[in-house]
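Colleague: My structure is below; once you've seen it, I'll send some questions.
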Amino acid sequence: MLIATTDQLENHDIKEVIGYVKGNTIKTKHLGHDIMASLKALIGGEIKEYDDMLNKARQVAISRMVQEAEEKGANAIVGFRLQNSAIMRNASEIVAYGTGVRIE
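Residue numbers for the sequence shown follow the UniProt record's numbering, so the first one is 1 and each next one is one higher.
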(Lines of atoms letter the chains of each structure in order from A; the text may use other names.)
(Lines give C-alpha, C1' and ligand atoms only; values in the text may rest on other atoms or scores of the structure.)
Protein backbone atom coordinates (compact mmCIF):
# COMPACT_ATOMS: atom_id res chain seq x y z
CA MET A 1 0.00 0.00 0.00
CA LEU A 2 1.45 3.32 -1.07
CA ILE A 3 0.69 6.12 1.42
CA ALA A 4 1.41 9.77 0.66
CA THR A 5 0.71 13.05 2.41
CA THR A 6 0.33 14.71 -0.99
CA ASP A 7 -2.84 14.74 -3.07
CA GLN A 8 -1.08 13.44 -6.19
CA LEU A 9 1.49 10.69 -6.69
CA GLU A 10 4.45 11.35 -8.90
CA ASN A 11 4.91 8.64 -11.56
CA HIS A 12 1.44 7.19 -10.79
CA ASP A 13 -1.94 7.95 -12.31
CA ILE A 14 -4.97 7.91 -10.04
CA LYS A 15 -7.54 5.85 -11.92
CA GLU A 16 -10.32 5.90 -9.32
CA VAL A 17 -11.04 7.77 -6.10
CA ILE A 18 -12.42 5.28 -3.58
CA GLY A 19 -13.03 7.84 -0.84
CA TYR A 20 -12.35 8.55 2.81
CA VAL A 21 -10.51 5.87 4.78
CA LYS A 22 -9.52 5.97 8.42
CA GLY A 23 -8.22 3.96 11.30
CA ASN A 24 -8.09 4.85 14.95
CA THR A 25 -7.13 3.61 18.37
CA ILE A 26 -7.52 4.90 21.91
CA LYS A 27 -4.70 4.45 24.38
CA THR A 28 -4.66 5.11 28.09
CA LYS A 29 -1.77 5.80 30.38
CA HIS A 30 -0.18 2.95 32.31
CA LEU A 31 0.47 3.27 36.05
CA GLY A 32 4.05 2.01 35.71
CA HIS A 33 4.71 4.48 32.90
CA ASP A 34 3.21 7.29 35.00
CA ILE A 35 5.66 6.57 37.81
CA MET A 36 8.61 6.65 35.38
CA ALA A 37 7.27 9.81 33.74
CA SER A 38 6.98 11.52 37.12
CA LEU A 39 10.61 10.69 37.88
CA LYS A 40 11.72 11.94 34.46
CA ALA A 41 9.79 15.17 35.04
CA LEU A 42 11.93 15.78 38.12
CA ILE A 43 15.29 15.20 36.43
CA GLY A 44 14.41 16.05 32.83
CA GLY A 45 14.75 14.05 29.65
CA GLU A 46 12.67 12.19 27.14
CA ILE A 47 9.81 10.12 28.49
CA LYS A 48 10.58 7.02 26.45
CA GLU A 49 7.66 5.01 27.85
CA TYR A 50 5.10 7.46 26.45
CA ASP A 51 7.05 7.87 23.23
CA ASP A 52 6.95 4.10 22.67
CA MET A 53 3.25 3.93 23.56
CA LEU A 54 2.32 6.68 21.10
CA ASN A 55 4.49 5.22 18.32
CA LYS A 56 2.72 1.87 18.72
CA ALA A 57 -0.67 3.60 18.75
CA ARG A 58 0.18 5.42 15.50
CA GLN A 59 1.15 2.15 13.87
CA VAL A 60 -2.14 0.53 14.98
CA ALA A 61 -4.16 3.46 13.58
CA ILE A 62 -2.25 3.39 10.27
CA SER A 63 -2.66 -0.39 10.00
CA ARG A 64 -6.41 -0.09 10.53
CA MET A 65 -6.61 2.67 7.91
CA VAL A 66 -4.74 0.49 5.40
CA GLN A 67 -7.03 -2.45 6.16
CA GLU A 68 -10.13 -0.31 5.53
CA ALA A 69 -8.63 1.03 2.29
CA GLU A 70 -7.87 -2.50 1.06
CA GLU A 71 -11.38 -3.68 1.97
CA LYS A 72 -12.80 -0.84 -0.16
CA GLY A 73 -10.55 -1.76 -3.10
CA ALA A 74 -7.90 0.95 -2.81
CA ASN A 75 -4.23 0.26 -3.48
CA ALA A 76 -2.94 3.66 -2.33
CA ILE A 77 -3.85 6.46 0.08
CA VAL A 78 -3.32 10.13 -0.68
CA GLY A 79 -3.76 13.13 1.60
CA PHE A 80 -2.64 11.04 4.58
CA ARG A 81 -2.88 12.73 7.97
CA LEU A 82 -2.46 11.77 11.62
CA GLN A 83 -4.37 13.45 14.38
CA ASN A 84 -4.51 12.89 18.09
CA SER A 85 -6.73 14.26 20.79
CA ALA A 86 -7.41 13.78 24.46
CA ILE A 87 -10.81 12.20 24.95
CA MET A 88 -10.65 11.91 28.73
CA ARG A 89 -8.15 12.71 31.44
CA ASN A 90 -5.82 9.77 30.85
CA ALA A 91 -6.67 8.67 27.31
CA SER A 92 -5.75 9.81 23.83
CA GLU A 93 -7.24 8.90 20.48
CA ILE A 94 -4.96 8.58 17.46
CA VAL A 95 -6.68 8.84 14.06
CA ALA A 96 -5.01 8.09 10.72
CA TYR A 97 -6.99 9.17 7.67
CA GLY A 98 -6.76 9.96 3.99
CA THR A 99 -8.35 9.30 0.63
CA GLY A 100 -8.24 5.79 -0.73
CA VAL A 101 -7.48 5.60 -4.45
CA ARG A 102 -6.71 3.07 -7.17
CA ILE A 103 -3.48 3.76 -9.02
CA GLU A 104 -1.70 2.18 -11.95
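By construction, the Cβ of each residue, glycine as well, lies at the ideal position given by its N, Cα and C atoms. None of the values given here were measured: they were computed from a predicted structure.
By Cβ distance, which residues of its chain are closer than 8 Å to I103, with the 5 residues on each side in sequence left out?
Modeller: Hits under 8 Å: L2, L9, H12, D13, I14, K15, N75 and A76.
Colleague: Would you mind giving the Cβ-Cβ distance between A69 and V21, rounded to the nearest angstrom? I have them listed as a contact below 8 Å.
Modeller: Confirmed, about 4 Å.
Colleague: So, at 6 Å on beta carbons, what are the nonlocal neighbours of V17 in its own chain, with the 5 sequence-adjacent residues on each side left out?
Modeller: For V17, where only same-chain residues beyond five positions count, the Cβ hits under 6 Å are V101.
Colleague: In three-state terms, what does DSSP make of K22?
Modeller: Note: K22 maps to strand in three-state DSSP.
Colleague: In angstroms, rounded to a whole number, what distance separates the CA positions of L54 and T99?
Modeller: Cα-Cα distance, rounded: 23 Å.
Colleague: Residues in its own chain within less than 8 Å of N24 by CB, not counting five upstream and five downstream?
Modeller: Around N24: A61, R64, E93, I94, V95 and A96.
Colleague: Looking only at DSSP bridge pairs, what is M88 linked to?
Modeller: BP columns for M88 point to A91.
Colleague: Given this structure, state the Cα-to-Cα distance separating G51 from K27, to the nearest angstrom.
Modeller: The sequence shown places Asp at residue 51, rather than the Gly named in the question. Distance between the alpha carbons of D51 and K27 is about 12 Å.
Colleague: Provide the residue(s) that pair with K27 in DSSP beta bridges, ordered along the chain.
Modeller: Per DSSP, S92.
Colleague: In this structure, does DSSP put K15 in helix, strand or coil?
Modeller: Note: K15 maps to strand in three-state DSSP.
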